[in-house]
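Colleague: One structure, as structure tokens, below. Some questions next.
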């Protein structure tokens, strides 16, 4: 159970009106599902509320945003809430100057850096979706099945559908309670987690056919601009490629290297005890033990060579 | 809560010794995880018990079978139990004559056709794993974390990791209780559900590059022997291909067509309202509304043509 203060802070939002809810930049299923679940709940309480985001929503995630790709302001807010936004920087370009005006931040990242007037944080939750459900329940705020479905989508997005180690016994309890709203999940999860365009699936095949395996346990996936152009893939669509690394039997450390403007964007994954944040730090990047990122100035071949050298030094 | 009779039947198994537990042929994660969970529980009660199966275990599923590929008898049983075996036919060649000797059948298929002396059945359970957990709990049989992990694997296997519509609020409650045993699940689920050999991943790419899309919503994946040989893929390894169909945006009906000895094996999937069992029936096959199978005598091109014609007739 959360403290009375935390629950009262949450209840306070429902006493306001003209509420703007901000999702983090490069929005994912957790931030969008949670923001829209909160928005729906506020509307159910007769409030004027809307979700905004600095960046566009990728096509598959529009299933969570009432079909909208662009989420921008239509009214002047009296109350600003962020959901799943761990730092002011993650508000994105459009809302970078909003940081000091944020009234409430609702987040589940232990790494949360305070920027809001009031913060509600539970780092033990798998996702913002799980935390938000707990808040609704403990504040006795009624939600409808639309909100429940959005929260389920949020949780499924951040846990890889209950597959990652952030899934706890409490995550499953929340999922169970959400299913009791009689929500449809199979088609929704298919769209969110499995489906891809034929162009994208063929692009993945090109990436696989270009895969480099070293010492049987280091896998590099170089992605050139030419590969993306050939298959009509936009930059934002390549984020799911790291999941491919997870599929490769025997891979201990994997990385995608993507040609971007004037630099190579590198995303690292560890499937063992190697700390990939250490590797990313060598290239002025950062992240977590199992997932980290950095960038490299130079061509993709040089990036591969430099990265391989650092991985070999660090690999456990 | 189950009836006293059902629970007493289950408890009876724990009064026997030299217990043989039979998994269904072409064993999957649910039958193997459940059988080994029961075996472990019986051993914890000091019983001599082992799991057998007519067919070999595929490499990735050996994570559930203590590394064993072949599961055969090492002792003469005094008690025979089947888990997840819906019909006598599914005992497979090696155990086809055992049907009349089966003492207890534990199953979750509504379609269960009675062959055992005593049947325990709950068709509302997502998986044999979920049902078995309920039995352990209600019969107050203590299990250890090894059994708990095997049951979690069984449930995750049959529900596509809580993704398919057989996942209920009760499935999540069971999953939550199993996680309280402190079991590791992330690495296990990676092996079971995501990982594939590089050969297999490249084989999938060949299959995708050979994909046929008709009317924007019918997808056929023809798989020739040459494609399998080129990538060192054995017949039993191609079962996961149907999952590829699920990934293709816009597909309403999909099918894999696989060259086998003297026939083409067809596996159908529906992602809408079309009943693919009806289509399979045209080729003397059968199955469920959303997943069905049949075979075709002739070459793969003729099979594609005949199948496409029937799909077009039935497609909703």
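Residue numbers (the numbering used here), protein chains in the order written: chain G, 1 to 316; chain D, 1 to 316. Where a beta carbon is used, it is the ideal one built from N, C-alpha and C, also for glycine.
Contact between the stretch 33-53 of chain G and the stretch 143-156 of chain G: three or more CB pairs below 8 Å?
Modeller: Segments in contact, yes.
Colleague: Quick check on DSSP: helix, strand or coil for residue 269 (chain G)?
Modeller: If you number the first chain from 1, residue 269 (chain G) lands on position 269. Strand, per DSSP.
Colleague: Is the beta carbon of residue 257 (chain D) less than 7 Å from the beta carbon of residue 264 (chain D)?
Modeller: By one-based count along the second chain, residue 257 (chain D) stands at place 257. By one-based count along the second chain, residue 264 (chain D) stands at place 264. Contact: yes.
Colleague: Could you pull the DSSP bridge partners for residue 50 (chain D) from this structure?
Modeller: Translated into the one-based positions of the second chain, residue 50 (chain D) becomes position 50. BP columns for residue 50 (chain D) point to D:20.
Colleague: State the Cα-Cα distance for the pair residue 8 (chain G) and residue 105 (chain G), rounded to the nearest angstrom.
Modeller: Indexing the first chain from 1 puts residue 8 (chain G) at position 8. Indexing the first chain from 1 puts residue 105 (chain G) at position 105. Spanning the two alpha carbons is a distance of roughly 14 Å.
Colleague: What residues in the stretch 180-212 of chain D bring their beta carbon closer than 9 Å to a beta carbon of chain G?
Modeller: If the cut-off is 9 Å between Cβ atoms, the stretch 180-212 of chain D has 180, 184, 185, 186, 187, 189, 190, 191, 193, 194, 195, 196, 197, 198, 200, 201, 202, 204, 205, 206, 208, 209 and 211 near chain G.
Colleague: Within 10 angstroms of the Cβ of residue 15 (chain D), are there 16 or more other Cβ atoms? Answer buried if so, exposed if not.
Modeller: Counted from its first residue, the second chain places residue 15 (chain D) at position 15. Exposed, by the Cβ-count rule.
Colleague: Name, please, each residue of chain G whose Cβ falls closer than 9 Å to the Cβ of residue 385 (chain D).
Modeller: Outside the displayed range of chain D (1 to 316) lies residue 385 (chain D), so it cannot be described from this structure.
Colleague: Output, in sequence order along the chain, the residues in the stretch 244-258 of chain G whose CB is closer than 7 Å to any CB in chain D.
Modeller: Against chain D - using a Cβ distance shorter than 7 Å - the residues of the stretch 244-258 of chain G are 246, 247, 248 and 249.
Colleague: Quick check on the burial criterion: 16 or more other C-beta atoms within 10 angstroms. Buried or exposed for residue 312 (chain D)?
Modeller: As a position in the second chain, residue 312 (chain D) is number 312, starting the count at 1. Residue 312 (chain D) comes out exposed.
Colleague: Kindly indicate which residue of G:253, G:76 and G:225 has the alpha-carbon position closest to the one of residue 273 (chain G).
Modeller: Here residue 273 (chain G) corresponds to residue number 273 of the first chain, with the count starting at 1. Residue G:253 is the option with its Cα nearest to residue 273 (chain G).
Colleague: Please tell me whether residue 233 (chain G) and residue 271 (chain G) are closer than 7 Å, where the distance is taken between their beta carbons.
Modeller: As a working mapping, residue 233 (chain G) is identified with position 233 in the first chain. As a working mapping, residue 271 (chain G) is identified with position 271 in the first chain. Contact: no.
Colleague: Along chain D, which residues have their Cβ under 7 Å away from the Cβ of residue 288 (chain G)?
Modeller: By one-based count along the first chain, residue 288 (chain G) stands at place 288. Those within 7 Å of residue 288 (chain G) in chain D number zero; the least Cβ separation is about 14 Å.
Colleague: State yes or no: is the beta carbon of residue 175 (chain G) nearer than 7 Å to at least one beta carbon in chain D?
Modeller: If you number the first chain from 1, residue 175 (chain G) lands on position 175. Cβ-Cβ to chain D under 7 Å: yes for residue 175 (chain G).
Colleague: If contacts are defined as beta-carbon pairs under 8 Å, then residue 19 (chain D) and residue 83 (chain D) qualify, I think. What distance do you get, rounded to the angstrom?
Modeller: Position 19 of the second chain, counted from the first residue, corresponds to residue 19 (chain D). Position 83 of the second chain, counted from the first residue, corresponds to residue 83 (chain D). Actually they are not in contact, since the Cβ atoms of residue 19 (chain D) and residue 83 (chain D) sit about 11 Å apart, beyond 8 Å.
Colleague: Give every residue of the same chain whose Cβ lies closer than 8 Å to the Cβ of residue 280 (chain D), excluding the five residues on either side of it in the sequence, and list them in chain order.
Modeller: The residue given as residue 280 (chain D) occupies position 280 in the second chain. 266, 268, 286, 287, 292, 293 and 294.
Colleague: Can you check whether the C-beta of residue 172 (chain D) is within less than 7 Å of a C-beta belonging to chain G?
Modeller: Against the second chain, residue 172 (chain D) aligns to sequence position 172. With 7 Å as the cut-off, residue 172 (chain D) counts as an interface residue toward chain G.
Colleague: Tell me the start and end of each unbroken alpha helix (DSSP H) in the stretch 122-202 of chain G that is at least 4 residues and wholly inside, in chain order.
Modeller: Counting only runs of 4 or more, we get 128-138, 145-159, 169-179 and 186-189.
Colleague: Assign residue 231 (chain D) to buried or exposed, taking buried as 16 or more other Cβ atoms, counted over all protein chains shown, within 10 Å of its Cβ.
Modeller: Your numbering for residue 231 (chain D) matches position 231 in the second chain. Buried, because 16 or more other Cβ atoms sit within 10 Å of the Cβ of residue 231 (chain D).
Colleague: Any contact of the stretch 199-216 of chain D with the stretch 220-231 of chain G, i.e. 3+ C-beta pairs under 8 Å?
Modeller: Taking 8 Å as the limit for Cβ pairs, the verdict is that the stretch 220-231 of chain G does not touch the stretch 199-216 of chain D.
Colleague: To the nearest angstrom, how far is the alpha carbon of residue 108 (chain D) from that of residue 91 (chain D)?
Modeller: Taking the second chain and counting its residues from 1, one reaches residue 108 (chain D) at position 108. Taking the second chain and counting its residues from 1, one reaches residue 91 (chain D) at position 91. Rounded to the nearest angstrom, the two C-alpha atoms are 16 Å apart.
Colleague: Would you decide whether residue 69 (chain G) is buried or exposed? Buried here means 16 or more other CB atoms lie within 10 Å of its CB.
Modeller: The residue labelled residue 69 (chain G) in the question sits at position 69 within the first chain. Looking at its Cβ environment, which holds fewer than 16 other Cβ atoms inside 10 Å, residue 69 (chain G) is exposed.
Colleague: Which residues does DSSP list as the beta-bridge partners of residue 294 (chain D)?
Modeller: The count along the second chain starts at 1 and reaches residue 294 (chain D) at position 294. Looking at the DSSP assignment, residue 294 (chain D) forms a beta bridge with D:266.
Colleague: At least one CB of chain G closer than 7 Å to the CB of residue 169 (chain D): is that the case?
Modeller: Translated into the one-based positions of the second chain, residue 169 (chain D) becomes position 169. Yes, contact with chain G.
Colleague: Whose CA, out of D:97, D:240, D:48 and D:63, lies closest to the CA of residue 78 (chain D)?
Modeller: On the second chain, residue 78 (chain D) is found 78 positions in, with the first residue counted as 1. Nearest C-alpha to residue 78 (chain D): D:48.
Colleague: Could you tell me which residues DSSP pairs with residue 313 (chain D) in its beta bridges?
Modeller: Here the question's residue 313 (chain D) lines up with position 313 in the second chain. Looking at the DSSP assignment, residue 313 (chain D) forms no beta bridge with any residue, so it has no partner.
Colleague: Can you tell me whether DSSP reads residue 258 (chain D) as helix, strand or coil?
Modeller: Residue mapping note: residue 258 (chain D) aligns to position 258 of the second chain, counting from 1. Correct three-state label for residue 258 (chain D): strand.
Colleague: Assuming residue 135 (chain G) and residue 156 (chain G) are in contact, meaning their beta carbons sit under 8 Å apart, how far apart are those beta carbons, in whole angstroms?
Modeller: For the purposes of this step, residue 135 (chain G) is taken as residue 135 along the first chain, with counting starting at 1. For the purposes of this step, residue 156 (chain G) is taken as residue 156 along the first chain, with counting starting at 1. Contact flag wrong, Cβ pair sits at about 19 Å.
Colleague: Assuming residue 82 (chain D) is part of the beta strand (DSSP E), what are its boundary residues?
Modeller: Position 82 of the second chain, counted from the first residue, corresponds to residue 82 (chain D). Element bounds for residue 82 (chain D): 79-83.
Colleague: Quick one: is residue 152 (chain D) buried, meaning 16 or more other Cβ sit within 10 Å of its Cβ, or exposed?
Modeller: Position 152 of the second chain holds residue 152 (chain D). Per the 10 Å Cβ criterion, buried.
Colleague: At the level of alpha carbons, what is the spacing between residue 88 (chain G) and residue 116 (chain G)?
Modeller: Here residue 88 (chain G) refers to the residue found at position 88 when the first chain is read from its first residue. Here residue 116 (chain G) refers to the residue found at position 116 when the first chain is read from its first residue. Their backbone Cα atoms lie some 9 Å apart in a straight line.
Colleague: What is the DSSP secondary structure of residue 240 (chain D), reduced to helix, strand or coil?
Modeller: Residue mapping note: residue 240 (chain D) aligns to position 240 of the second chain, counting from 1. In the structure shown, residue 240 (chain D) sits in a helix (DSSP, three-state: H, G or I).
Colleague: Helix, strand or coil, according to DSSP, for residue 212 (chain D) in the structure here?
Modeller: Locating residue 212 (chain D) in the second chain gives position 212, where the first residue counts as 1. In this structure, residue 212 (chain D) counts as strand in the three-state DSSP scheme.
Colleague: Helix or strand or just coil, what does DSSP make of residue 340 (chain G)?
Modeller: Chain G is shown only over 1 to 316; residue 340 (chain G) falls outside these bounds and no answer can be derived.
Colleague: Should residue 3 (chain D) go down as buried or exposed, given a rule of 16 or more other Cβ atoms within 10 Å for buried?
Modeller: Within the second chain, numbered from 1, the residue matching residue 3 (chain D) stands at position 3. With fewer than 16 Cβ atoms within 10 Å of its Cβ, residue 3 (chain D) is classed as exposed.
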